[in-house]
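Student: Note that the working numbering has the sequence shown beginning at 7, numbered continuously upward. My structure is below; once you've seen it, I'll send some questions.
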Amino acid sequence: MALSRKKWNNIIIFASIFMVAILTLLDNEREKLPDDAQPLFDDAAPLQQLQYDDFWLSEGGFSWQCEASILNCDEWANAWSKVQISPIEKLIPPESTPHELVIQIQDIATPQLWLFYRQQGLLKSPSGNWYQIPPSLRASLNPIISAASQ
7 MALSRKKWNN IIIFASIFMV AILTLLDNER EKLPDDAQPL FDDAAPLQQL
57 QYDDFWLSEG GFSWQCEASI LNCDEWANAW SKVQISPIEK LIPPESTPHE
107 LVIQIQDIAT PQLWLFYRQQ GLLKSPSGNW YQIPPSLRAS LNPIISAASQ
């Protein structure tokens with residue numbers, strides 16, 4: 007049973023519309039934050055300084071200041087200052103190597119050492135609690151480094 011050209015065209019059109027609808031639905035769902043997501047920093051405890059391995063950023067009055075090799079300083083600082091996290095009850099610790107994240111919060115004298123598992127979007131607090139960063143927020147948490155400085 008051979009299909010005519012018209013039937014093949016209709017099948018292709020239907021499949022294309024179906025694929026676009028599914029991809030649109032997935033894209034809309036990916037951008038949503040989980041219901042239990044909450045900001046890591048807020049107006050009462052804003053981010054003042056952050057050190058991500060050897061890279062740093064600091065709130066300098068009216069704007070953010072970063073290490074000279076970081077090309078996306080403002081975007082990187084805004085992403086970290088507005089990051090949202092969801093608590094995780096039980097977790098098997100990832101086997102990848104964590105990045106050290108030293109966080110200084112305004113009006114708190116001692117900095118906090120967090121561990122950041124970039125690939126999984128996981129944060130481990132100094133008290134041992136685990137948090138997950140939603141996938142839609144993870145990409146902007148990585149600094150863009152100047153190739154000339156490496």
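Using N, Cα and C, we set each Cβ at its ideal position, and we do this for glycine too.
Relative to the C-alpha of Leu113, which residue among Gln55, Ser146, Phe20, Asn34 is closest?
Tutor: To locate residue 113, count along the sequence shown from 1; it is residue 107. According to the sequence provided, residue 113 is Asp. The question's Leu does not apply to it. Asp113 has its Cα closest to that of Gln55, out of Gln55, Ser146, Phe20, Asn34.
Student: Mark Lys96 as exposed unless 16 or more other C-beta atoms lie within 10 angstroms of its C-beta, in which case mark it buried.
Tutor: In the sequence shown, the residue the question calls residue 96 occupies position 90. Per the 10 Å Cβ criterion, exposed.
Student: Report yes if the CB atom of Pro149 is closer than 8 Å to the CB atom of Ile76, and no otherwise.
Tutor: Stepping through the sequence shown from its first residue, residue 149 is reached at position 143. Stepping through the sequence shown from its first residue, residue 76 is reached at position 70. Yes. Within cutoff.
Student: Tell me which residue opens and which closes the beta strand (DSSP E) that Glu106 is part of.
Tutor: Counting from one through the sequence shown, the residue named residue 106 turns up at place 100. Start and end: 105-111.
Student: Leu129: which of Val108, Gly67, Thr116 sits nearest, CA to CA?
Tutor: As a first step, residue 129 is located in the sequence shown; it is residue number 123 there, counting from the start. Cα-wise, what sits closest to Leu129 is Val108.
Student: Is the beta carbon of Pro93 less than 8 Å from the beta carbon of Asn135?
Tutor: Within the sequence shown, numbered from 1, the residue matching residue 93 stands at position 87. Within the sequence shown, numbered from 1, the residue matching residue 135 stands at position 129. For Pro93 and Asn135, yes; Cβs fall inside 8 Å.
Student: Under a Cβ-count criterion, where at least 16 other Cβ atoms within 10 Å of its own Cβ denotes burial, should Val26 be classed as buried or exposed?
Tutor: Taking the sequence shown and counting its residues from 1, the one referred to as residue 26 is at position 20. Burial call: exposed.
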